[in-house]
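Data block below; observations after.
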Amino acid sequence: MSLVNGKQARKRRSATERREIMAAYGFLTPNLIGFLIFTFLPVFVALLLSFTEWDLLRPIQWVGLANYIRMFTNDPTFIKVLKNTVIFVAVTVPARIVLALVVALALNQKLFGTTFFRTAFFMPVVSSSVAVALVWQWIFHADFGPLNNILWTLGVGNPPRWLTSTQWALPALMIVSIWQGIGMNMVIFLAGLQGIPAQLYEAARIDGATPWKCFWKITLPMLSPTTFLVLVMTTISSFQIFDLAVIMTEGGPANATNTIVYHIYRNAFQFFRMGYAAAIAWFLFIVIFAITLFQFRNQKNWVNYDL
Amino acid sequence: MRKFKLSVSLLLLLLLGISALAAAQDPVTITWSFWGDPNELPPNYEVIEAFEAAHPHIKIETQHAPWSSYFDRIQTQMAGGTAPDVMFLNNIPSYAARGALLPLNELVEENGFDTAPYYQELLRIFSYQGELYGFPRDNDTTILYYNKDLFDEAGVAYPDGNWSWQEFLDAAQKLTKRDDRGRVTQYGVVLESNKYYNFIHQNGGDMFDDPLNPTQYIGDSPETIEAMQFMADLINKYEVAPSFAQMLQLGNSTELFASGLVAMAMTNAARVPTFQQSDFNWGVAPLPTGPNGIRANSMSGAGYVISANTKNREAAWTFFEFLCGEQGQSIFASTGVAVPAYRSEGTRNAFIDALPAGFGEIFLGDTEHGKIPPLFDGYVELNSTVITPALDLLFIGEATAEEVLTGIRAEVEEFLARR
Numbered sequence: 002m003s004l005v006n007g008k009q010a011r012k013r014r015s016a017t018e019r020r021e022i023m024a025a026y027g028f029l030t031p032n033l034i035g036f037l038i039f040t041f042l043p044v045f046v047a048l049l050l051s052f053t054e055w056d057l058l059r060p061i062q063w064v065g066l067a068n069y070i071r072m073f074t075n076d077p078t079f080i081k082v083l084k085n086t087v088i089f090v091a092v093t094v095p096a097r098i099v100l101a102l103v104v105a106l107a108l109n110q111k112l113f114g115t116t117f118f119r120t121a122f123f124m125p126v127v128s129s130s131v132a133v134a135l136v137w138q139w140i141f142h143a144d145f146g147p148l149n150n151i152l153w154t155l156g157v158g159n160p161p162r163w164l165t166s167t168q169w170a171l172p173a174l175m176i177v178s179i180w181q182g183i184g185m186n187m188v189i190f191l192a193g194l195q196g197i198p199a200q201l202y203e204a205a206r207i208d209g210a211t212p213w214k215c216f217w218k219i220t221l222p223m224l225s226p227t228t229f230l231v232l233v234m235t236t237i238s239s240f241q242i243f244d245l246a247v248i249m250t251e252g253g254p255a256n257a258t259n260t261i262v263y264h265i266y267r268n269a270f271q272f273f274r275m276g277y278a279a280a281i282a283w284f285l286f287i288v289i290f291a292i293t294l295f296q297f298r299n300q301k302n303w304v305n306y307d308l
Numbered sequence: 036m037r038k039f040k041l042s043v044s045l046l047l048l049l050l051l052g053i054s055a056l057a058a059a060q061d062p063v064t065i066t067w068s069f070w071g072d073p074n075e076l077p078p079n080y081e082v083i084e085a086f087e088a089a090h091p092h093i094k095i096e097t098q099h100a101p102w103s104s105y106f107d108r109i110q111t112q113m114a115g116g117t118a119p120d121v122m123f124l125n126n127i128p129s130y131a132a133r134g135a136l137l138p139l140n141e142l143v144e145e146n147g148f149d150t151a152p153y154y155q156e157l158l159r160i161f162s163y164q165g166e167l168y169g170f171p172r173d174n175d176t177t178i179l180y181y182n183k184d185l186f187d188e189a190g191v192a193y194p195d196g197n198w199s200w201q202e203f204l205d206a207a208q209k210l211t212k213r214d215d216r217g218r219v220t221q222y223g224v225v226l227e228s229n230k231y232y233n234f235i236h237q238n239g240g241d242m243f244d245d246p247l248n249p250t251q252y253i254g255d256s257p258e259t260i261e262a263m264q265f266m267a268d269l270i271n272k273y274e275v276a277p278s279f280a281q282m283l284q285l286g287n288s289t290e291l292f293a294s295g296l297v298a299m300a301m302t303n304a305a306r307v308p309t310f311q312q313s314d315f316n317w318g319v320a321p322l323p324t325g326p327n328g329i330r331a332n333s334m335s336g337a338g339y340v341i342s343a344n345t346k347n348r349e350a351a352w353t354f355f356e357f358l359c360g361e362q363g364q365s366i367f368a369s370t371g372v373a374v375p376a377y378r379s380e381g382t383r384n385a386f387i388d389a390l391p392a393g394f395g396e397i398f399l400g401d402t403e404h405g406k407i408p409p410l411f412d413g414y415v416e417l418n419s420t421v422i423t424p425a426l427d428l429l430f431i432g433e434a435t436a437e438e439v440l441t442g443i444r445a446e447v448e449e450f451l452a453r454r
């Protein structure tokens with residue numbers, strides 16, 4: 002009897018399940034169609050285009066791997082922008098994560114004014130990139146900008162020329178990008194911090210753990226899934242740096258702030274090398290994909306999903 | 036009876052004529068695209084009004100986009116085979132090379148269109164491999180604007196129209212002011228980075244042996260190096276002009292001059308209406324001459340072309356002929372905004388009348404010394420990947436003209452060989 006009941010129960014469940022699956026797909030369909038048409042298809046077409054030469058008007062020519070070979074053998078600008086982008090990512094990603102964590106920890110206290118500071122740190126995220134870039138342009142002005150005025154008062158006789166120097170333009174862009182990127186990461190970290198059960202800290206404190214030990218033994222491990230998400234997102238967005246370079250420096254001076262995505266844009270829409278631009282875009286995609294894959298593979302060594 | 040017969044046959048003839056006319060003159064619509072700020076648009080609509088009144092069977096439909104998005108849009112339309120019949124365009128050779136434009140030699144000859152009033156030098160950049168593809172609307176003449184109030188204040192004589200580089204530099208130095216920390220608070224002059232050909236040509240130099248079909252790089256010739264070094268020295272050595280990288284922060288030449296923060300500006304002749312709104316006295320002068328007394332000015336500009344894919348070749352030409360002929364060009368000239376590329380008696384007078392007294396003669400006079408800059412298929416890419424980054428180093432003072440101009444020789448030659 003119980004067996005029959007059990008069978009019936011299973012049958013009933015699978016029918017519901019099937020209906021639910023159908024419903025899920027039903028709800029997903031509009032999004033899936035959108036994804037196929039507006040994301041998957043263009044990405045796939047871009048892959049095909051990357052093996053061709055096409056200037057939009059003349060017939061498309063199949064050139065095999067020529068575009069990929071050209072990148073490394075016949076385009077000094079590409080080597081330059083690749084270098085710039087790698088340096089940019091290597092500096093801004095750790096900075097954006099560490100600083101965001103520090104800010105999040107500071108603002109996770111129940112103190113007066115934290116709401117104000119949370120808003121303040123999040124402001125750059127919701128501000129328009131163009132407006133932000135214009136203000137920073139002024140801050141970095143070599144002669145009259147507030148930054149160099151401060152440095153000058155502090156006794157720096159010959160402060161950096163920032164955006165008008167090949168040496169300092171990229172660091173200047175990094176500073177803006179870090180400032181801009183902290184807010185979003187901070188909010189994610191704050192959410193993660195508030196998800197850590199308070200009894201863990203209570204228990205640790207009763208056992209006599211110092212706040213420093215609590216941070217290393219409780220906060221960081223418990224926060225690791227959040228950190229992982231932040232790391233992946235920040236890495237991807239850093240590789241795609243474009244708007245700041247366009248508005249603040251136009252990639253200059255002398256390509257000092259030119260980036261991969263700006264190079265893609267210029268090749269496609271200014272030099273009409275659609276195939277070559279697609280090839281660089283795919284190269285960037287593969288690089289980002291490989292790094293993300295490595296991060297996912299590597300997470301078992303430090304990311305803790307237990308509890 | 037005879038009278039009746041006559042009137043019947045007359046009537047028949049008339050009916051026949053009307054139907055024939057109606058058949059020949061089915062209304063046709065021609066699309067015409069252009070860019071421009073709202074205040075630049077009225078003459079376009081004036082042209083349409085005048086044209087449609089004279090050609091009731093052709094309707095003109097406009098497609099307007101701001102400069103920033105215009106070219107992406109035209110590119111897309113060209114790729115899709117739906118480009119406007121008549122387009123306002125620049126960089127003609129790069130489109131002509133890709134077969135997007137209708138060749139005009141035959142049409143010009145068939146219809147006896149008179150090209151003589153155009154600056155012949157300017158027509159060269161509207162040609163590709165011996166075939167004409169369009170007509171310029173105006174010339175990008177560069178003018179030396181000067182702030183009379185700042186000149187008076189510094190006790191410097193106004194430019195007399197015969198300034199040499201040296202006299203220009205002397206004046207700029209006297210007009211530059213610094214604060215106690217040595218920072219410049221008033222610049223003698225503001226330059227534009229893409230106008231360096233004026234200096235090169237004034238010194239008898241050039242970048243290529245032929246601006247339209249280059250085979251040789253001559254950008255490292257002594258004349259060119261000297262000219263570029265002079266321009267860079269204005270920024271870095273004499274510090275009488277802001278650097279171009281700084282201008283991204285400070286504002287462009289028009290904004291800087293209009294704000295009264297610089298005493299002179301070398302910029303487009305089209306700035307008159309903007310500067311007329313400023314609250315100081317100012318004047319205009321031709322560009323200074325190089326050390327050997329050579330006068331040179333810019334010769335380039337945007338103009339009109341017909342799409343290779345037009346479905347109404349006849350009607351498109353009819354409109355194009357009107358637009359690029361005496362009538363159309365006079366309408367643009369009478370705005371006084373840009374130096375007309377079509378220099379008939381009518382357009383010259385219309386232009387001079389539209390400007391403050393004395394201006395038009397100076398603008399037209401210096402335009403006579405116009406020389407075309409390089410413009411060939413692939414130039415945009417060569418310029419932004421090789422030449423501009425090199426000149427950046429020169430203009431921010433991290434390298435000399437000789438270093439950068441000899442330094443890019445190998446890369447430029449390789450690019451030219453690949454063409």
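Line by line, the protein sequences are chains A and B. The first sequence finishes on residue 308 if you use our numbering, and the numbering steps up by one all the way, no holes. The second sequence finishes on residue 454 if you use our numbering, and the numbering steps up by one all the way, no holes. Even for Gly, the Cβ is constructed at its ideal location relative to N, Cα and C.
Check, Outcome
"Can you pull the DSSP bridge partners for B:I65?", "B:I95"
"Would you mind working out which of B:E433, B:E438 and B:I422 sits nearest B:E446, comparing C-alpha positions?", "B:I422"
"Buried or exposed: where does A:K23 fall if 16 or more other Cβ atoms within 10 Å of its Cβ makes it buried?", "The sequence given here has Met at residue 23 of chain A, not Lys. It counts as exposed."
"Alpha carbon to alpha carbon, how far is A:G35 from B:I127? Give it in angstroms, no decimals.", "38 angstroms"
"Just curious, the alpha helix (DSSP H) that A:I189 is in, first and last residue?", "A170 to Q195"
"Run through the DSSP bridge pairs and tell me what B:P171 is partnered with.", "B:G338"
"Can you check whether the CB of B:Q362 is closer than 7 angstroms to the CB of B:T382?", "no"
"Can you tell me the Cα-Cα spacing of B:Q98 and B:T66, whole angstroms?", "7 angstroms"
"Going along the chain, which residues of the region 253-273 of chain A sit with their C-beta nearer than 7 angstroms to a C-beta in chain B?", "G253, P254, A255, N256, R267, F270, Q271 and F272"
"Could you compute how far the alpha carbon of B:Q251 sits from the alpha carbon of A:A269?", "27 angstroms"
"For A:K81, which residues in the same chain have their Cβ closer than 7 angstroms to its Cβ, ignoring the five residues on either side in sequence?", "N256 and N259"
"Quick check on the burial criterion: 16 or more other C-beta atoms within 10 angstroms. Buried or exposed for A:F216?", "exposed"
"Does the beta-carbon of A:M124 have 16 or more other beta-carbons within 10 angstroms, so that it is buried, or is it exposed?", "exposed"
"Would A:T154 count as contacting chain B if we go by Cβ distances under 7 angstroms?", "no"
"Note down, one range per segment and in chain order, each alpha helix (DSSP H) of at least 4 residues found wholly within the region 92-136 of chain A.", "115-127"
"So is B:P424 in contact with chain A if we call contact Cβ pairs under 7 angstroms?", "yes"
"In the region 275-324 of chain B, which residue ranges form an unbroken alpha helix (DSSP H) of at least 4 residues, counting only runs that do not cross its ends?", "279-285, 288-293 and 307-310"
"With distances taken from CA atoms, which of B:L451, B:E437, B:Q112 and B:F186 is nearest B:W317?", "B:F186"
"Taking 8 angstroms as the threshold, find out whether the region 250-264 of chain B comes into contact with the region 274-291 of chain B through three or more Cβ pairs.", "no"
"Chain B partners of A:L164, CB-CB under 9 angstroms?", "A280, Q281, L283 and Q284"
"Going by CA-CA distance only, name the one from A:L191, A:I287, A:I140 and A:S239 that's closest to A:V92.", "A:S239"
"Quick check on the burial criterion: 16 or more other C-beta atoms within 10 angstroms. Buried or exposed for B:L56?", "Residue confidence is low: B:L56 scores 49 on pLDDT, short of 50, so the model does not pin down where it sits. Its coordinate-derived value is still stated next. Exposed, by the Cβ-count rule."
"According to DSSP, simplified to helix, strand and coil, what is A:W213?", "helix"
"Just to check my reading of the structure: A:Q104 and A:F89 have Cβ atoms closer than 8 angstroms, yes? What is that Cβ distance to the nearest angstrom?", "For the record, residue 104 of chain A in the displayed sequence is Val; it is not Gln. Not really, about 21 angstroms apart at Cβ, beyond 8 angstroms."
"Take A:W139 and list the residues in its own chain whose beta-carbon comes closer than 7 angstroms to its own, dropping the five residues that flank it on each side.", "G146"
"Taking Cβ to Cβ, would you say B:W70 is nearer than 7 angstroms to B:A100?", "yes"
"List the residues that DSSP assigns as beta-bridge partners of B:S333.", "B:K406"
"Just curious, the beta strand (DSSP E) that B:V219 is in, first and last residue?", "V219 to V225"
"Apply the 10 Å Cβ neighbour rule to B:A58 and answer buried if 16 or more other Cβ atoms are within range, or exposed otherwise.", "Any answer about B:A58 is weak, because its pLDDT of 47 lies below 50 and its placement is not dependable; what the coordinates show is given next. Exposed, because fewer than 16 other Cβ atoms sit within 10 Å of the Cβ of B:A58."
"Give a yes or no on whether the minimum CB-CB distance between A:T78 and chain B is below 7 angstroms.", "yes"
"Nearest chain A C-beta to B:A207 closer than 7 angstroms, yes or no?", "no"
"The ligand GDP and B:S379: does any heavy atom of the ligand fall closer than 6 angstroms to the residue's C-beta?", "Only the bare structure without any ligand can be found here, which leaves the ligand GDP out of the picture."
"Which same chain residues end up closer than 7 angstroms to A:S3 when comparing Cβ atoms and leaving out the 5 residues on each side of it in sequence?", "Bear in mind that a pLDDT of 45 at A:S3, under 50, signals an unreliable position, so the number given afterwards is only what the model happens to contain. If we look at A:S3 and ignore the five residues flanking it on each side, it has no Cβ neighbours."
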